[in-house]
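K.L.:
Questions regarding the structure given below will be posed in turn.
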Amino acid sequence: MNSPFLKDFKNPERYQFEVINCYSCNSDKYSFFLKGEEDLTGKEGEFQYVKCDNCEMVYQNPRISLDQIKEFYDGEYIAHRKKKNWGVLTPLYEWTMNKHDRDKEKIVAKHIELNNQTEVLDVGCAVGTFLLHLNKKYDVKISGVDFKEGLEYPDFDKIEFYEGLFYEQEIEENRYDAVTMWHFLEHCYDPNKSIQKAKKVLKKGGKIIIEVPRLDSLTYRLFGRKWPGVQAPQHTVLYDKKAFITMMKKNGFKVTTYLPYGAFPAYFYIFSGFYFRILGKKLNLNRIIFPYFLGQLILTPILWFQKYLNLSMQTVVCEKIEN
Ligand SMILES: [Zn+2]
């Protein structure tokens with residue numbers, strides 16, 4: 055269905071949209087919030103985000119159909135993650151990618167005991183480097199879920215891998231000590247179903263750790279609709295702290311920790327937000343990698359305090375207290 059709301063938006067005819075209700079409270083009353091675009095890759099299209107009149111959750115509505123969203127997750131996106139040769143900057147690039155996994159580990163290790171009896175499931179695991187890092191360091195048992203076709207990556211076969219939609223997988227229930235979702239939930243077409251699925255596969259007392267971009271953050275205030283967290287149409291929900299916590303509680307989880315940061319580098323949002331505002335769409339990592347690291351060096355003193363500045367991300371740790 056093509057909504058009348060989209061009449062002023064520039065979209066190819068072939069895009070199909072569906073009108074939906076609020077993910078959190080199911081209300082069908084909403085107001086316009088912003089017009090988002092795919093600034094990162096520069097793909098065409100304009101997408102509407104609305105704010106629920108009842109609970110204030112911000113979400114994409116109407117949204118592009120599930121069949122059509124797949125073309126936005128193309129080879130370019132995956133190629134970047136697999137690329138290894140960045141010339142003289144290769145060591146710095148690798149260090150940055152490893153640091154991302156180490157920062158995820160730091161958050162997880164604070165809340166879960168990690169040893170050879172621990173079972174961790176990473177939803178949206180991509181090429182699996184975070185899981186492999188945990189396995190190497192703590193000998194934990196690792197499982198992952200993602201959409202991947204023909205993926206070859208070193209040691210990927212060490213992961214118990216499930217391919218496809220998370221909530222459609224047949225995974226043993228009451229099994230995992232931890233389920234992690236690093237930048238998965240803001241892409242999800244049915245966040246409640248995913249959270250419920252995570253609850254099923256977790257043991258009682260097990261923890262779910264979720265990181266998403268934070269709408270009520272400094273970088274959103276700076277960049278508005280050019281905020282990298284908009285990333286339309288892939289991002290289905292733009293969570294602020296209230297909406298994020300409410301959703302976890304509604305799904306029967308006990309929220310034990312809320313962090314105004316994540317493992318994802320806040321600096322990426324600062325750099326790309328400025329880029330989208332000033333230079334425009336399409337961030338070519340091959341071309342910008344030098345200024346990227348230079349900017350990071352300049353901002354280092356600020357980034358030391360990123361955990362306290364509410365720059366861009368948020369993470370919740372929740373416990374499964376019931377079956
Ligand atoms: Zn609502």
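Under my numbering, think of the first position of the sequence shown as 55, with each following residue one higher.
All C-beta atoms in this analysis are idealised placements derived from N, C-alpha and C, irrespective of residue type, glycine included.
Give me the DSSP bridge partner(s) of Val-309.
P.N.:
In DSSP, Val-309 forms a bridge with Cys-372.
K.L.:
Can you tell me which of the three DSSP states Leu-351 falls into?
P.N.:
Leu-351: helix per DSSP, three-state reduction.
K.L.:
Give me whichever residues DSSP pairs with Phe-71 in a beta bridge.
P.N.:
In the DSSP output, where bridge partners are listed per residue, Phe-71 has Ile-118.
K.L.:
DSSP has Tyr-230 in a bridge; who is on the other side?
P.N.:
Leu-256, per the DSSP bridge assignment.
K.L.:
Express the C-alpha separation of Lys-258 and Asn-169 in angstroms, rounding to a whole number.
P.N.:
When rounded, the distance between both Cα atoms is 18 Å.
K.L.:
Once the 5 residues before and after Val-309 are set aside, which same chain residues still bring their CB inside 7 Å of it?
P.N.:
Cβ neighbours of Val-309 beyond the five flanking positions: Ile-299, Met-302, Lys-303, Val-370, Cys-372.
K.L.:
Taking the CB atoms as reference points, tell me whether Phe-220 and Gly-182 lie closer together than 7 Å.
P.N.:
It is not a contact, given that the beta carbons lie outside the stated cut-off.
K.L.:
In three-state terms, what does DSSP make of Asp-200?
P.N.:
DSSP places Asp-200 in strand when its eight states are reduced to three.
K.L.:
For a minimum of 3 consecutive residues, which ranges assigned as the beta strand (DSSP E) are wholly contained in the segment 130 to 200?
P.N.:
Entirely contained in the segment 130 to 200, the beta strand (DSSP E) runs reaching 3 residues are, in chain order, 173 to 177, 195 to 200.
K.L.:
Compute the minimum distance between the beta carbon of Asn-108 and the heavy atoms of ligand 1, and state whether it is under 6 Å.
P.N.:
Within the cutoff, so yes.
K.L.:
Starting from Pro-267, follow its DSSP beta bridges and name the residues at the other end.
P.N.:
According to DSSP, which records beta bridges pairwise, Pro-267 is partnered with Met-367.
K.L.:
Does the Cβ of Asn-340 have 16 or more other Cβ atoms within 10 Å, making it buried, or fewer, making it exposed?
P.N.:
Result: exposed.
K.L.:
Is any heavy atom in ligand 1 found nearer than 6 Å to the beta carbon of Met-235?
P.N.:
Flag unset: Cβ of Met-235 not near ligand 1.
K.L.:
Can the beta-carbon of Asp-231 be found closer than 7 Å to that of Gly-260?
P.N.:
Yes, Cβ-Cβ distance for Asp-231 and Gly-260 is below 7 Å.
K.L.:
Sorted by chain position, which residues of the same chain lie with C-beta nearer than 6 Å to Asp-155's C-beta, five sequence neighbours on each side aside?
P.N.:
The answer, listed in chain order, is Thr-183, Phe-184, His-187.
K.L.:
Whose C-alpha, out of Glu-240, Ile-342, Asp-157, Ile-196, is nearest the C-alpha of Asp-294?
P.N.:
Minimum Cα distance to Asp-294 is reached at Glu-240.
K.L.:
Are Phe-87 and Lys-61 closer than 7 Å when you measure CB to CB?
P.N.:
The answer is no: Cβ separation not under 7 Å.
K.L.:
Any heavy atom of ligand 1 closer than 6 Å to the CB of Met-302?
P.N.:
Checking every heavy atom of ligand 1 against the Cβ of Met-302, none is found closer than 6 Å.
K.L.:
Are three or more beta carbon pairs between the segment 213 to 229 and the segment 137 to 152 nearer than 8 Å?
P.N.:
No contact exists between the segment 213 to 229 and the segment 137 to 152.
K.L.:
What do you get for Asp-193, buried or exposed, if any count of 16 or more other CB atoms within 10 angstroms of its CB means buried?
P.N.:
Answer is exposed; the Cβ neighbour count stays below 16.
K.L.:
What did DSSP end up calling Glu-222 once you bin it into helix, strand or coil?
P.N.:
If DSSP states are grouped into helix, strand and coil, Glu-222 belongs with the helices.
K.L.:
Could you tell me the distance, in whole angstroms, from the CA atom of Arg-229 to the CA atom of Phe-328?
P.N.:
When rounded, the distance between both Cα atoms is 44 Å.
K.L.:
Any idea if Met-55 is buried or exposed, counting beta-carbon neighbours within 10 angstroms, 16 or more meaning buried?
P.N.:
Confidence at Met-55 is low in this model, with a pLDDT of 43, below 50, so its placement is unreliable and no value can be given for it.
K.L.:
Does any heavy atom of ligand 1 sit closer than 6 Å to the C-beta of Cys-76?
P.N.:
Yes.
K.L.:
Applying the 10 Å Cβ sphere with the 16-neighbour rule, what's the burial state of Lys-374?
P.N.:
Lys-374 is buried by the Cβ-count criterion.
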